[in-house]
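Read the structure below first, then the notes.
Protein chains: 2
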Amino acid sequence: MSVAQRSRSGGRAGRRAIRTAPDHTMLPGLRRTLPLCEPMDEEQIRKLDDASMAILEEVGIVFRDPIALADWKRAGAKVEGERVYLDRGLVRELISSIPSSFTYHARNPAKNVPLGGDRSIFVPMTGAPFLRDLDNERRNPTLADLAMFHKLSHMLPALHSSAHHIVEPYDHPISHRHLRITYSSIKHSDKTFMGMTTSPKNAEDVMEMCAILFGEDYLETHPVTTGNCNGNSPLVWDETMLGAMRAFSKRNQPVLCSPFVLGGANTPASVVPAVAQLNAEALSALAYTQVIRKGAPAIYGHYLSTVSMKSGAPMAGTPEISLMNFMIGQMARFYDVPWRTSGSLGGAKTFDAQAGYESAATLSAVIHSGANYIWHAAGWNEAGMHCSVAKFIVDAEQCAMAYRMAEGPRWDDFDEGLAAIRDVGPGGHYLGHPHTQENFQRAFFMPETFDNNSIEQWKAEGEVEITERALGIARKLLSEYQEPALDPAKNEALLDYVARREREIPAADALNQDY
Amino acid sequence: MSVAQRSRSGGRAGRRAIRTAPDHTMLPGLRRTLPLCEPMDEEQIRKLDDASMAILEEVGIVFRDPIALADWKRAGAKVEGERVYLDRGLVRELISSIPSSFTYHARNPAKNVPLGGDRSIFVPMTGAPFLRDLDNERRNPTLADLAMFHKLSHMLPALHSSAHHIVEPYDHPISHRHLRITYSSIKHSDKTFMGMTTSPKNAEDVMEMCAILFGEDYLETHPVTTGNCNGNSPLVWDETMLGAMRAFSKRNQPVLCSPFVLGGANTPASVVPAVAQLNAEALSALAYTQVIRKGAPAIYGHYLSTVSMKSGAPMAGTPEISLMNFMIGQMARFYDVPWRTSGSLGGAKTFDAQAGYESAATLSAVIHSGANYIWHAAGWNEAGMHCSVAKFIVDAEQCAMAYRMAEGPRWDDFDEGLAAIRDVGPGGHYLGHPHTQENFQRAFFMPETFDNNSIEQWKAEGEVEITERALGIARKLLSEYQEPALDPAKNEALLDYVARREREIPAADALNQDY
Numbered sequence: 001m002s003v004a005q006r007s008r009s010g011g012r013a014g015r016r017a018i019r020t021a022p023d024h025t026m027l028p029g030l031r032r033t034l035p036l037c038e039p040m041d042e043e044q045i046r047k048l049d050d051a052s053m054a055i056l057e058e059v060g061i062v063f064r065d066p067i068a069l070a071d072w073k074r075a076g077a078k079v080e081g082e083r084v085y086l087d088r089g090l091v092r093e094l095i096s097s098i099p100s101s102f103t104y105h106a107r108n109p110a111k112n113v114p115l116g117g118d119r120s121i122f123v124p125m126t127g128a129p130f131l132r133d134l135d136n137e138r139r140n141p142t143l144a145d146l147a148m149f150h151k152l153s154h155m156l157p158a159l160h161s162s163a164h165h166i167v168e169p170y171d172h173p174i175s176h177r178h179l180r181i182t183y184s185s186i187k188h189s190d191k192t193f194m195g196m197t198t199s200p201k202n203a204e205d206v207m208e209m210c211a212i213l214f215g216e217d218y219l220e221t222h223p224v225t226t227g228n229c230n231g232n233s234p235l236v237w238d239e240t241m242l243g244a245m246r247a248f249s250k251r252n253q254p255v256l257c258s259p260f261v262l263g264g265a266n267t268p269a270s271v272v273p274a275v276a277q278l279n280a281e282a283l284s285a286l287a288y289t290q291v292i293r294k295g296a297p298a299i300y301g302h303y304l305s306t307v308s309m310k311s312g313a314p315m316a317g318t319p320e321i322s323l324m325n326f327m328i329g330q331m332a333r334f335y336d337v338p339w340r341t342s343g344s345l346g347g348a349k350t351f352d353a354q355a356g357y358e359s360a361a362t363l364s365a366v367i368h369s370g371a372n373y374i375w376h377a378a379g380w381n382e383a384g385m386h387c388s389v390a391k392f393i394v395d396a397e398q399c400a401m402a403y404r405m406a407e408g409p410r411w412d413d414f415d416e417g418l419a420a421i422r423d424v425g426p427g428g429h430y431l432g433h434p435h436t437q438e439n440f441q442r443a444f445f446m447p448e449t450f451d452n453n454s455i456e457q458w459k460a461e462g463e464v465e466i467t468e469r470a471l472g473i474a475r476k477l478l479s480e481y482q483e484p485a486l487d488p489a490k491n492e493a494l495l496d497y498v499a500r501r502e503r504e505i506p507a508a509d510a511l512n513q514d515y
Numbered sequence: 001m002s003v004a005q006r007s008r009s010g011g012r013a014g015r016r017a018i019r020t021a022p023d024h025t026m027l028p029g030l031r032r033t034l035p036l037c038e039p040m041d042e043e044q045i046r047k048l049d050d051a052s053m054a055i056l057e058e059v060g061i062v063f064r065d066p067i068a069l070a071d072w073k074r075a076g077a078k079v080e081g082e083r084v085y086l087d088r089g090l091v092r093e094l095i096s097s098i099p100s101s102f103t104y105h106a107r108n109p110a111k112n113v114p115l116g117g118d119r120s121i122f123v124p125m126t127g128a129p130f131l132r133d134l135d136n137e138r139r140n141p142t143l144a145d146l147a148m149f150h151k152l153s154h155m156l157p158a159l160h161s162s163a164h165h166i167v168e169p170y171d172h173p174i175s176h177r178h179l180r181i182t183y184s185s186i187k188h189s190d191k192t193f194m195g196m197t198t199s200p201k202n203a204e205d206v207m208e209m210c211a212i213l214f215g216e217d218y219l220e221t222h223p224v225t226t227g228n229c230n231g232n233s234p235l236v237w238d239e240t241m242l243g244a245m246r247a248f249s250k251r252n253q254p255v256l257c258s259p260f261v262l263g264g265a266n267t268p269a270s271v272v273p274a275v276a277q278l279n280a281e282a283l284s285a286l287a288y289t290q291v292i293r294k295g296a297p298a299i300y301g302h303y304l305s306t307v308s309m310k311s312g313a314p315m316a317g318t319p320e321i322s323l324m325n326f327m328i329g330q331m332a333r334f335y336d337v338p339w340r341t342s343g344s345l346g347g348a349k350t351f352d353a354q355a356g357y358e359s360a361a362t363l364s365a366v367i368h369s370g371a372n373y374i375w376h377a378a379g380w381n382e383a384g385m386h387c388s389v390a391k392f393i394v395d396a397e398q399c400a401m402a403y404r405m406a407e408g409p410r411w412d413d414f415d416e417g418l419a420a421i422r423d424v425g426p427g428g429h430y431l432g433h434p435h436t437q438e439n440f441q442r443a444f445f446m447p448e449t450f451d452n453n454s455i456e457q458w459k460a461e462g463e464v465e466i467t468e469r470a471l472g473i474a475r476k477l478l479s480e481y482q483e484p485a486l487d488p489a490k491n492e493a494l495l496d497y498v499a500r501r502e503r504e505i506p507a508a509d510a511l512n513q514d515y
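Top line first, the protein sequences correspond to chains A and B.
Note that full-length UniProt numbering has the first sequence beginning at 1, numbered continuously upward.
Note that full-length UniProt numbering has the second sequence beginning at 1, numbered continuously upward.
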């Protein structure tokens, strides 16, 4: 067959194959062009900044950690007991060395993703003590369940990371889990991943495993993973988180500095003052990363919720969470640091309409707020108590839809589209027009997890609701999963490290305990 | 009991009563302060305007209606057959007399709502040939079902209108329905309502009934209802809609000029050119309202969807619909006319997570796009084929949440909130602080339709999912419904009018036919 023939006959068949074969290629790190929702003017930003700085100067913030207190003294802060008073000049000077953007390097360089400025990534949820599994049963997860989520993360195009403990592997001792989790993240996906911060020592183990995977020197100049450090709002950072932060920051690896906001319980019952507190908390931790190592990447973070008056539980998808996201985005940009939020939160017990409303409302606000590191972007339900396989699949598609929206309108075929209007004319239809046939798929997102058939068709197909439909997609994905190649020497070294550390760390009495 | 005693003891009890009694008071027409999402710069707006004007000038637009054609000739347009070529100068001059804002007058003046500029209202869905009822059964609706929806519209605070045929009353002949529908809208709610435009004569009947309710002269100077006129995209307006438009516009009552967009089927398969076409269509109808009557209020409208490649059905919640909303908002503001969109669309067959995602994604985009007349804001599912009672309740609460978000952050207790931070200090908690007790309810929206209890509590309460929960709320609302007083003379005159017209209009063979 000649080249011409091949390209002619094979061309159409090739295109058809491309159209029908499932495409698991990761979307590049999102570059947003959609303008952001910025409810504060310059003066209000300065007012909020001033309020947060005054909190740090006059109320102070507690670092429950002797090393951090000593570090702060050396850095010139006033320290009284565990309370650190931070002068705004010192805070501003410290945070000025945080890179405003950087690139995450994955073990597959095709999966590298830029972060900061107009660049954003979607990262799955983590930390669920339960899952709703492939049969929609709610139960404690195992390491195999975690591997399943890592495989799905690897395959879903809009997810840019395999994260870490998406679900807690209850079949392994707590003290060994961080090793198994990190290995699973690395082994089952070649995207970037998160690093456990459950203790300073665990964080050191993660750094060692990263050094094995990427090389010690490479880490010095390339962000490859992310640690999360939660604050104890109001205005407390604890030893565990600060120790883990040091493990990451001293190796030049990014941490999320995340005040943990239960609006009304550990913040004032008012949106703007709550942001003032959260902002003070985030700034103090961001500043501390630069005390640990000047120039280390760090991310302005937070977990945001408002609490239910009935149950005290964190709620999702409420208007105040959206407003706080918009404002925090403005503050992070004011300080010129990348920032993190949570993408698709739900408080429902099942994957019902509540979960849909909550997740879409949250994700939409996140996109309009311009968040860079969009964590908990897939699977989160029941206020984080379980990760749902079905929701994971749908959320990941929602991220792809949000991605498309955030890219903004495309003008590249404007003239061709206008020409089609002239061709078709009044009362005509477009489905047969060449411009339509050329552009339809590119032009309009077709959600795979949504059913848009007629009710008759839907009934004929067995009245499948979205949970079942999404679980079917998950099963199909897993049946098609291909493990990404990992250098056998590195794989062996990682396994050796895990085995050695499991021998060193006592596992006794730790099995099936929660933390 | 002295006044002092009453106010002291009764004061606290009174406040408690206010807190626990269900509050059905309508929220005032929304005043938005949240900045809008405007993806086009000045040049792009002008480019789109130019493209739409060129379509009207060079492609022309079909008015399938002899009266409109004659009107256009008189107005100076070039008319060839049914095709009207509109010069941009003529279009601009005509639309310049459309009021940029006005107030809807309800029969209860406390329910008047401003529209246009930064003022928006939420209006329930209409036109569903099926409902999912109080038992979640899908069936054809009756007039009693319609009355139920009008009662719920009356009671749900964020809904600003009782609309018209929320569901189609199949137990009445088609030819009489518009009379019964209009009477039901008026009788069961004292909010503003919509007027049927199913034929020019039906629209005249609505106008007559409005004249009975408000007085003939009052209509001349007060918008009291809204007619919807759909276009037949691409680029066609038909006789039915144009005749109904004349009935409304000549009485100075507002119409929605609504191109009906099935993106990719009756528009180019590309977002920006699709908006260029839609914009041309809307402009031509807006201009025609001013040919009918200079200065008559009119609303830039549209129904927006993209179509499924699998079924051809309209989809909801897709990124392109959001982008089109953002752009249309900019165009409407460029022309300085109020505009309409659709608020809470869903394509799911049941009230499942799909419906939740779709509705929340749509509503969010609508808020960020700054739409004024937010129609189909409650109940819409199955691509408009059914109105769900459960979804109606949840959507109405979502509107209340969107309302709160659109109001933007409140700064009025900023100093008190900051003082609370100082009082509570590091490691404290806020629940007992006076500022919290004073502000909690006002500060944070507590969705009634969402369950935020623990799984244990949820199980103990019978594992109730959102559909059942919402239907329970609907039943409770209906049990508390109190019909708003209607002047008995006006009521009798309306009933007389309905009875007379039902005698005049032949009902034969029309029962249970759809249109």
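Don't be surprised by glycine CBs; every beta carbon is placed ideally from N, CA and C.
Query raised in the report: For alanine 499 of chain B, is the classification buried or exposed, using 16 other Cβ atoms within 10 angstroms of its Cβ as the cut-off for buried?
Result: exposed
Query raised in the report: DSSP state of lysine 78 of chain B, grouped into three classes?
Result: strand
Report task. Would you identify the three-state DSSP class for arginine 422 of chain A, choosing helix, strand or coil? Result -> helix
Requested in this report: Answer with yes or no whether the minimum CB distance from arginine 503 of chain B to chain A is below 8 Å.
Outcome: no
Requested in this report: Confirm, please, whether the CB-CB distance from valine 84 of chain A to glycine 60 of chain A is below 8 Å.
Outcome: yes
Requested in this report: Mind the definition here: the stretch 304-320 of chain B touches the stretch 338-352 of chain B only if three or more C-beta pairs lie below 8 Å; say whether that holds.
Outcome: yes
**Report entry** Enclosing alpha helix (DSSP H) for histidine 188 of chain B [first to last residue]
**Finding:** 174-188
Query raised in the report: By DSSP, does aspartate 72 of chain B sit in helix, in strand, or in coil?
Result: It should be pointed out that residue 72 of chain B corresponds to tryptophan in this sequence rather than to aspartate. Helix at tryptophan 72 of chain B.
Requested in this report: Determine, using beta carbons only, whether serine 249 of chain A and alanine 203 of chain A come nearer to each other than 8 Å.
Outcome: no
Report task. State yes or no: is the beta carbon of glutamate 382 of chain B nearer than 8 Å to at least one beta carbon in chain A? Result -> yes
**Report entry** tyrosine 104 of chain A vs threonine 182 of chain A beta-carbon contact at 8 Å
**Finding:** no
Query raised in the report: Would lysine 111 of chain B be called buried (16 or more neighbouring beta carbons within 10 Å of its own) or exposed?
Result: buried
**Report entry** Strand pairing of proline 66 of chain B, partner residues [DSSP]
**Finding:** Partner(s): none; proline 66 of chain B has no beta bridge.
Requested in this report: Please name the residue in A:Arg333, A:Val113 and A:Ile421 whose C-alpha comes closest to that of histidine 222 of chain A.
Outcome: A:Val113
Query raised in the report: In chain order, which alpha helix (DSSP H) runs of at least 4 residues are fully inside the stretch 394-468 of chain A?
Result: 414-424, 434-443 and 455-460
Query raised in the report: chain A beta carbons: is any one of them nearer than 8 Å to that of arginine 132 of chain B?
Result: no
Report task. Could you confirm whether any beta carbon from chain A is found closer than 8 Å to the beta carbon of isoleucine 45 of chain B? Result -> no
Report task. Kindly indicate which residue of B:Glu504, B:Asn279 and B:Gln290 has the alpha-carbon position closest to the one of glycine 329 of chain B. Result -> B:Asn279
Query raised in the report: Cα separation between aspartate 133 of chain A and arginine 139 of chain A?
Result: 8 Å
Query - Boundaries (first-last residue) of the beta strand (DSSP E) holding histidine 222 of chain A - result: No beta strand (DSSP E) holds histidine 222 of chain A; DSSP gives it neither H nor E.
Query raised in the report: What's the C-alpha gap between aspartate 190 of chain A and phenylalanine 63 of chain A?
Result: 36 Å
Query raised in the report: Name the chain A residues that come within less than 9 Å of proline 234 of chain B, Cβ to Cβ?
Result: Ile421, Val424, Gly425, Pro426, Gly427, Gly428, His429 and Tyr430
Requested in this report: Mind checking which residues open and close the alpha helix (DSSP H) that includes phenylalanine 149 of chain A?
Outcome: 143-155
Query - Cutoff 6 Å; reference serine 322 of chain B; Cβ partners in own chain excluding five residues on either side - result: Ala365
Query raised in the report: Under the rule that 16 or more other beta-carbon atoms within 10 Å means buried, what is serine 185 of chain A, buried or exposed?
Result: buried
Query - Range of the contiguous beta strand (DSSP E) that encloses arginine 32 of chain B - result: From DSSP, arginine 32 of chain B is part of no beta strand (DSSP E); its letter is neither H nor E.
Requested in this report: Pull up the distance between the alpha-carbon of phenylalanine 122 of chain A and that of tryptophan 375 of chain A, whole angstroms please.
Outcome: 6 Å
Requested in this report: Take every Cβ of the stretch 400-412 of chain A, pair it with every Cβ of the stretch 34-51 of chain B, and state whether three or more of those distances are shorter than 8 Å.
Outcome: yes
**Report entry** Within chain B, the residues that leucine 34 of chain A reaches when beta carbons sit closer than 7 Å
**Finding:** Cys37 and Pro39
Query raised in the report: Closest Cβ-Cβ distance between glutamate 80 of chain A and chain B: below 8 Å?
Result: no
Query raised in the report: Would you call the stretch 395-406 of chain B and the stretch 423-431 of chain B in contact, with 3 or more CB pairs under 8 Å?
Result: no
Requested in this report: In angstroms with no decimal places, state the Cα-to-Cα distance between isoleucine 166 of chain B and glycine 243 of chain B.
Outcome: 22 Å
Query raised in the report: Can you list, in chain order, the residues of the stretch 318-350 of chain B whose Cβ is nearer than 7 Å to any Cβ on chain A?
Result: Thr318, Pro319, Glu320, Ser322, Leu323, Met327, Gly347, Ala348, Lys349 and Thr350
Requested in this report: Check whether the Cβ atoms of alanine 474 of chain A and valine 389 of chain A sit closer than 8 Å, and answer yes or no.
Outcome: yes
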